[in-house]
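Chemist:
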Amino acid sequence: MQILTLTSYIKADLIARLSRDELPPESLTLAALSDHYKVSVTPIYHAINELIEEGYLYREKNRRLCVNSDRIGDARTAALSPQPAPPEDHFKRITDDLLTMSLKGESLFLREMASAKKYGISRTSLRNIFNRLAGDGMLEHVPRRGWKLRSFNQHDLDAFIEVRVVLELKALDLAKGRLDRQVLQKILAGNQVPATDDEPLQIDNSLHEYLIKQSDNYYIISFFDRHGRYFDLLFLWESNDRAAAIQEIQQHQRILTALLEEDWTTARKELEFHLRSNHPVLSQLKR
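Under my numbering, the first residue of the sequence shown carries the number 40, and numbering increases by one thereafter.
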């Protein structure tokens with residue numbers, strides 16, 4: 040019997056949904072699909088690559104994903120077949136668990152055998168996940184002791200934010216002549232405050248990554264790549280709080296509006312305010 044992996048489930052479900060015209064073109068991005076399936080980007084990435092290899096999808100010159108209508112037409116029967124429940128995204132579950140422990144201020148050692156048994160996966164699979172989280176700064180491998188969990192520390196967060204403010208404002212100054220209005224408009228369109236309490240949030244926090252990349256400064260880019268990943272996980276967790284997420288959306292809107300108007304003074308002011316004030320949940324965790 041073939042074991043259904045998360046990648047194969049997403050792939051089959053995408054074929055079925057595409058054949059029913061349920062997914063608009065703008066939803067065919069790694070970020071949008073990751074949010075749709077509530078999983079990490081990795082299984083989405085592999086599923087998309089397989090769909091491209093099999094001809095269901097293709098990339099245009101601008102790298103945008105498009106549906107091959109002829110090929111997807113051959114899969115109409117998939118639309119009528121019920122899909123099984125998706126397998127668990129172990130990376131997301133383990134990440135969420137470790138973030139919860141980290142935010143409680145717990146600094147402990149995790150053993151591979153016990154952890155693999157807890158999550159019902161092999162030690163090899165667990166080690167791959169732990170290695171990835173080590174790259175994100177959440178874990179550290181200590182020989183003969185296991186994997187040490189990084190404990191959340193308020194002073195550490197404050198120190199990171201101080202450096203982040205300096206470097207992102209510098210990134211903005213350096214990026215001024217390289218900002219693409221279409222990119223800024225797209226990010227702005229991705230940040231919309233819901234009209235009702237029941238409406239899902241629409242948030243796009245890629246502005247920071249875009250400014251850093253467009254700074255074209257190796258040392259600024261390197262700092263965030265090396266030291267920012269753990270805090271990115273914390274900030275993503277914080278955005279699960281609806282009030283905090285709405286505040287973030289509104290601040291993004293003000294920054295992006297100023298950038299589009301080339302009002303650099305206001306853009307710098309709004310960006311600094313955003314970086315310093317946009318952590319209402321984390322700031323309450325006194326560790």
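All residues carry an ideal CB built from backbone N, CA and C; glycine is no exception.
How many whole angstroms separate the CB atoms of W186 and H180, which I take to be in contact at a CB cut-off of 8 Å?
Modeler: 6 Å
Chemist: Report all residues from its chain with a CB closer than 7 Å to the CB of Q313; omit the five preceding and five following residues, and keep chain order.
Modeler: Correcting the residue type first, residue 313 is His in the shown sequence and not Gln. So the qualifying residues of the chain are Q290 and I294.
Chemist: I think S141 touches L188, with their Cβ atoms under 8 Å apart; what is that distance to the nearest whole Å?
Modeler: Right, the Cβ-Cβ distance comes to about 6 Å (below 8 Å), so this counts as a contact.
Chemist: Given a cut-off of 8 Å on the beta-carbon distance, is the pair V226 and L196 in contact?
Modeler: Correcting the residue identity first, residue 226 is Ile in this sequence and not Val. Taking 8 Å as the Cβ cut-off, I226 and L196 do not qualify as a contacting pair.
Chemist: Excluding the 5 residues preceding and the 5 following I160 in the sequence, name in chain order all residues of the same chain whose CB lies nearer than 6 Å to its CB.
Modeler: H129
Chemist: What are the start and end residues of the alpha helix (DSSP H) that includes V204?
Modeler: Start and end: Q193 to A214.
Chemist: Ordered along the chain, which non-local residues of its own chain (more than five positions away) have a Cβ less than 8 Å from that of S190?
Modeler: S141, G144, E145, S146 and R326.
Chemist: What is the DSSP secondary structure of G185, counted as helix, strand or coil?
Modeler: Correct three-state label for G185: strand.
Chemist: Decide if F270 is buried, meaning its Cβ has at least 16 other Cβ atoms within 10 Å, or exposed.
Modeler: buried
Chemist: Which residue from L240, L250 and E238 puts its Cα closest to that of L208?
Modeler: Closest option to L208, Cα to Cα, is L250.
Chemist: When the Cα atoms are used, what is the spatial distance from A306 to H318?
Modeler: Between the alpha carbons of A306 and H318 lies a gap of roughly 19 Å.
Chemist: Take R162 and list the residues in its own chain whose beta-carbon comes closer than 7 Å to its own, dropping the five residues that flank it on each side.
Modeler: E151, M152 and A155
Chemist: Given this structure, state the Cα-to-Cα distance separating A86 from K131, to the nearest angstrom.
Modeler: Each residue's CA atom was taken as its position, placing A86 and K131 some 17 Å apart.
Chemist: So is N230 buried or exposed if we call it buried at 16+ other beta carbons inside 10 Å?
Modeler: buried
Chemist: Give a single yes or no on whether F130 has its beta carbon closer than 7 Å to a heavy atom of the ligand NAP.
Modeler: No copy of the ligand NAP appears in this structure; indeed no ligand is present at all.
Chemist: If you reduce the DSSP assignment to three classes, tell me which class H85 lands in.
Modeler: In the structure shown, H85 sits in a helix (DSSP, three-state: H, G or I).
Chemist: Excluding five sequence neighbours on each side, which residues of the same chain lie with their C-beta closer than 8 Å to the C-beta of K77?
Modeler: Apart from sequence neighbours up to five positions away, the residues of its chain that approach K77 with a beta-carbon distance below 8 Å are D128 and K131, ordered along the chain.
Chemist: Can you tell which of L206, A282, D243 and G176 has the C-alpha that lies nearest to the C-alpha of Y257?
Modeler: L206
Chemist: Within 10 angstroms of its Cβ, does S58 collect 16 or more other Cβ (buried), or is it exposed?
Modeler: buried
Chemist: For a test of the three-state rule: what should DSSP assign to H266, helix, strand or coil?
Modeler: Three-state DSSP puts H266 in a helix.
Chemist: As a quick exercise: from D255, L45, I259 and P64, pick the residue whose alpha carbon is nearest that of E99.
Modeler: P64
Chemist: What is the DSSP secondary structure of L178, reduced to helix, strand or coil?
Modeler: strand
Chemist: Just tell me which of I259, W276 and Q241 has its CA closest to the CA of I288.
Modeler: Out of I259, W276 and Q241, Q241 has the C-alpha closest to the C-alpha of I288.
Chemist: Helix, strand or coil for V78 per DSSP?
Modeler: coil
Chemist: Using the rule of at least 16 other Cβ atoms within 10 Å of the residue's Cβ for burial, across every protein chain shown, is A355 buried or exposed?
Modeler: Outside the modelled stretch of the chain, which goes from 40 to 326, sits residue 355, for which no answer is possible.
Chemist: Would you identify the three-state DSSP class for R98, choosing helix, strand or coil?
Modeler: Looking at R98 - three-state DSSP - the assignment turns out to be strand.
Chemist: From the DSSP output, in three-state form, read off V106 for me.
Modeler: strand
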